[in-house]
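Okay, structure first, notes after.
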Amino acid sequence: MPYEVKGVVARSKGAPVSIETIIVPDPGPGEAVVDVQACGVCHTDLHYREGGINDEFPFLLGHEAAGVVSAVGDGVTNVAVGDYVVLNWRAVCGQCRACTKGKPWYCFATHNAAQKMTLADGTELSPALGIGAFAEKTLVHSGQCTKVDPAASPTAAGLLGCGVMAGVGAAINTGGVGRGDTVAVFGCGGVGDAAIAGSRLAGAGTIIAVDIDDRKLEWARGMGATHTVNSKETDPVAAIKELTGGFGVDVAIDAVGHPAVYQQAFDARDLAGTVVLVGVPNPTMEITFPLIELFGRGGALKSSWYGDCLPSRDFPMLIDLYLQGRFDLDAFVSETIGLGDVEAAFEKMHHGDVLRSVVVF
0 MPYEVKGVVA RSKGAPVSIE TIIVPDPGPG EAVVDVQACG VCHTDLHYRE
50 GGINDEFPFL LGHEAAGVVS AVGDGVTNVA VGDYVVLNWR AVCGQCRACT
100 KGKPWYCFAT HNAAQKMTLA DGTELSPALG IGAFAEKTLV HSGQCTKVDP
150 AASPTAAGLL GCGVMAGVGA AINTGGVGRG DTVAVFGCGG VGDAAIAGSR
200 LAGAGTIIAV DIDDRKLEWA RGMGATHTVN SKETDPVAAI KELTGGFGVD
250 VAIDAVGHPA VYQQAFDARD LAGTVVLVGV PNPTMEITFP LIELFGRGGA
300 LKSSWYGDCL PSRDFPMLID LYLQGRFDLD AFVSETIGLG DVEAAFEKMH
350 HGDVLRSVVV F
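Under numbering that gives the first Met the number 0, the residue at position 67 of the sequence shown is numbered 66, and the numbers go up by one with no gaps.
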């Protein structure tokens with residue numbers, strides 16, 4: 000029997016979100032219903048509201064979530080009712096050309112629920128990143144459910160579902176940060192700070208945080224940055240070179256997604272160093288390099304999709320590190336809020352007042 004729950008919906012481009020009655024169907028084959036316990040307010044949700052992802056309104060927002068499986072459909076074997084899970088938006092198919100090459104973190108045919116959740120009048124909803132977790136219950140593909148240790152707080156665990164995993168993975172999985180490496184992270188919001196925390200986990204020796212906001216730079220120090228640079232006041236490339244003996248960093252991570260920032264990351268890396276783009280650019284943005292610079296500097300220019308993560312591998316590992324006190328997920332939670340506070344949370348995010356607001360059910 001379908002469920003009636005409350006959820007946060009973006010009905011049209013740029014319009015304030017509203018709390019609506021959502022109809023969640025019983026799970027079909029391969030699907031699961033999850034009782035959401037907490038869901039982070041991610042910048043991607045704001046992109047959806049602003050029409051920056053696509054125009055398939057109305058959207059059921061929310062995707063950084065943890066909760067408990069309350070129902071499963073036929074054929075589901077990876078989770079069962081009562082399992083505590085973090086939701087992920089890259090449920091690997093196991094059969095596409097990336098998966099069959101042994102690189103499932105690049106899966107090109109990820110799974111979503113086949114059925115649609117709807118408004119009370121039957122209007123079909125587009126769930127953000129295939130999840131739609133600003134709701135008391137949500138319908139997902141069972142592969143979007145990753146079991147983790149239930150001892151982990153849902154307000155912290157849910158953040159692995161997007162921003163924190165994107166940042167940690169950009170450093171460890173995509174950038175290959177290792178012991179003693181030098182790293183610069185441009186942009187110290189939630190993703191950038193997660194990249195800093197990931198670099199510290201990996202054993203980086205020098206971690207340089209770059210931002211235009213001193214408050215964010217202070218947050219970055221708390222996440223593990225050894226040095227900070229305010230790029231509004233100081234040339235970040237020159238500062239990074241000075242901090243690295245004139246060489247530049249082994250790994251430069253652009254967590255902003257802007258051509259000027261990417262240029263700085265490119266210029267701030269050592270010879271044969273790596274640049275990682277994890278910030279999402281505007282589709283209209285372009286960048287131009289002299290080809291000799293690409294050749295002469297060597298190394299690698301990489302894009303990081305969801306931190307190149309494999310949820311079944313990475314989520315439980317990071318939760319274990321959190322429970323051991325080695326990875327402070329709680330530090331990313333700026334405030335806990337209710338469903339009715341999501342619009343205000345977007346405003347705080349826009350002004351850089353929070354790392355993450357987390358909706359608690």
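C-beta: ideal position from N, C-alpha, C; glycine also. Just so we're clear, the structure is a prediction, and the values are computed from it rather than from any experiment.
In three-state DSSP terms, what is residue i?
| i | result |
| --- | --- |
| E135 | coil |
| A156 | helix |
| E334 | strand |
| L293 | helix |
| F58 | strand |
| K146 | strand |
| R355 | coil |
| V260 | helix |
| K347 | helix |
| P24 | coil |
| P126 | strand |
| E342 | helix |
| A112 | coil |
| I207 | strand |
| A169 | helix |
| I52 | coil |
| A119 | coil |
| D176 | A quick correction: the sequence has Val, not Asp, at residue 176. V176: coil per DSSP, three-state reduction. |
| S198 | helix |
| G39 | strand |
| V190 | helix |
| S17 | strand |
| G162 | helix |
Can you grab the Cα-Cα spacing for the pair residue i / residue j, in whole Å?
| i | j | result |
| --- | --- | --- |
| P310 | A132 | 17 Å |
| A343 | R268 | 38 Å |
| F360 | G351 | 24 Å |
| A262 | F326 | As written in the sequence, residue 262 is Gln, which differs from the Ala given in the question. Cα to Cα, the separation comes out at about 31 Å. |
| T243 | I206 | 10 Å |
| P280 | M0 | 42 Å |
| E233 | A259 | The question names Glu, yet the displayed sequence has Thr at residue 233. Spanning the two alpha carbons is a distance of roughly 15 Å. |
| R220 | G174 | 20 Å |
| V78 | S152 | 19 Å |
| A150 | G81 | 14 Å |
| A237 | N229 | 12 Å |
| G129 | A112 | 7 Å |
| M164 | K115 | 27 Å |
| L317 | C92 | 23 Å |
| K240 | I252 | 15 Å |
| S303 | V277 | 5 Å |
| T154 | S356 | 9 Å |
| D146 | C95 | First, the residue type needs correcting, since residue 146 is Lys and not Asp in the sequence shown. Approximately 24 Å, taken between the alpha carbons. |
| L320 | I171 | 15 Å |
| L270 | F294 | 10 Å |
| V40 | F288 | 35 Å |
| L328 | E334 | 13 Å |
| K231 | D148 | 42 Å |
| Q36 | V67 | 7 Å |
| K12 | F246 | 46 Å |
| E292 | I286 | 13 Å |
| D212 | V332 | 19 Å |
| K136 | C38 | 11 Å |
| G191 | I21 | 34 Å |
Rounded to the nearest angstrom, how far is the Cβ of residue i from that of residue j, given a contact under 8 Å?
| i | j | result |
| --- | --- | --- |
| A194 | A254 | 6 Å |
| G202 | H62 | Not a contact, Cβ separation roughly 31 Å. |
| H42 | M348 | 6 Å |
| V250 | T273 | 5 Å |
| V209 | P235 | 5 Å |
| G166 | G197 | 6 Å |
| V341 | V16 | 6 Å |
| P24 | L158 | Incorrect: roughly 28 Å between the Cβ atoms, too far for contact. |
| E19 | L118 | 6 Å |
| G168 | D307 | 5 Å |
| A65 | A156 | 4 Å |
| K215 | G188 | 7 Å |
| V7 | L354 | The pair is not a contact, with the Cβ atoms about 20 Å apart (cut-off 8 Å). |
| D44 | A134 | 13 Å between Cβ atoms; not a contact. |
| F185 | A299 | Not a contact, Cβ separation roughly 17 Å. |
At least one CB of chain C closer than 8 Å to the CB of residue i: is that the case?
| i | result |
| --- | --- |
| G306 | The chain inventory of the structure shown lacks chain C, comprising one protein chain alone. |
*Run through the stretch 213-254 for me and flag every whole alpha helix (DSSP H) of 4 or more residues, listed as ranges in chain order.*
213-222 and 235-242
*Tell me the start and end of each unbroken beta strand (DSSP E) in the stretch 266-328 that is at least 3 residues and wholly inside, in chain order.*
268-276 and 299-302
*Pairing CB atoms from the stretch 132-149 with CB atoms from the stretch 83-92, are three or more of them under 8 Å?*
With a cut-off of 8 Å, the stretch 83-92 and the stretch 132-149 count as touching, because enough Cβ pairs lie within range.
*Would you be able to state if there are at least three C-beta pairs under 8 Å between the stretch 168-187 and the stretch 57-72?*
no
*Looking at C-beta atoms only, is the number of pairs between the stretch 16-33 and the stretch 62-74 that lie closer than 8 Å three or more?*
At 8 Å Cβ cutoff, the stretches touch.
*Output the residue ranges of the beta strand (DSSP E) runs that lie fully inside the stretch 65-107 and measure 3 residues or longer, sorted by chain position.*
83-86
*Decide yes or no for the touch test of the stretch 91-109 against the stretch 300-319: beta carbon pairs closer than 8 Å, at least 3 of them.*
yes
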